[in-house]
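In the working numbering, the protein residues as written are 104 to 294.
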């Protein structure tokens, strides 16, 4: 994948056939996790390039799992399998539910640190609707994809949810807090 500008992350540049390759691969991985054989083409050479992604499942219009990595450490197939059966917030997906499940793949750009010594500086730097955000403090870390801005449009609420997700108090701030952003190319099955 191409390098990203350091001052303003752009969504990852993907090949024209990305949706036609990645979505069937994710569906095949979910099916395999449920014991269903479903072939998918994994021959494009660009698949061998490292990349970070999240796989999100929506069953009957409701979130049913979302697992991924901020950095390119785990393959798409593993994220898809984990979203189906290992997201602790939801019961494992069942075979009958698979037919009513829409799969979304979010391909992430590399993260870019946001220079913010205070919460006010972090809030001023965020771009609602565009930024995926990573919040870290010590060993605690959480991220929210840019799609979450559609339900948490207020930057202060967005950061509060990130802190809670990271296991920190809702209104916590410290000079040890690090905030980064990334962009996403969102691929979604049509159903």
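Here a beta-carbon is modelled for each residue, glycine too, at the ideal position from N, C-alpha and C.
What number of angstroms, rounded off, separates the C-alpha of residue i from the C-alpha of residue j?
| i | j | result |
| --- | --- | --- |
| residue 156 | residue 182 | 8 Å |
| residue 232 | residue 128 | 27 Å |
| residue 174 | residue 200 | 30 Å |
| residue 120 | residue 274 | 43 Å |
| residue 262 | residue 226 | 8 Å |
| residue 215 | residue 283 | 5 Å |
| residue 252 | residue 153 | 27 Å |
| residue 292 | residue 136 | 19 Å |
| residue 169 | residue 126 | 14 Å |
| residue 118 | residue 180 | 19 Å |
| residue 204 | residue 167 | 8 Å |
| residue 144 | residue 206 | 17 Å |
Tell me the DSSP secondary structure of residue i in three-state form.
| i | result |
| --- | --- |
| residue 267 | helix |
| residue 219 | coil |
| residue 225 | helix |
| residue 152 | coil |
| residue 77 | This structure cannot settle anything about residue 77, because the visible part of the chain is limited to 104 through 294. |
| residue 188 | helix |
| residue 262 | helix |
| residue 212 | coil |
| residue 136 | helix |
| residue 291 | strand |
| residue 256 | coil |
| residue 123 | helix |
| residue 199 | helix |
| residue 249 | helix |
| residue 106 | For residue 106, the predicted model reports a pLDDT of 31, less than 50, meaning its position is unreliable; a value from the coordinates is still stated below. Correct three-state label for residue 106: coil. |
Give me the DSSP bridge partner(s) of residue i.
| i | result |
| --- | --- |
| residue 168 | 160 |
| residue 295 | Because the chain spans 104 through 294 in this model, residue 295 falls outside it and cannot be assessed. |
| residue 128 | According to DSSP, residue 128 bridges with nothing at all. |
| residue 273 | Paired residues: none, contrary to the question. |
| residue 204 | 162 |
With residue i and residue j assumed to form a contact (beta carbons below 8 Å), what rounded beta-carbon distance in angstroms separates them?
| i | j | result |
| --- | --- | --- |
| residue 122 | residue 290 | 4 Å |
| residue 287 | residue 209 | 5 Å |
| residue 211 | residue 160 | About 18 Å separates the two Cβ atoms, so there is no contact after all. |
| residue 238 | residue 245 | 6 Å |
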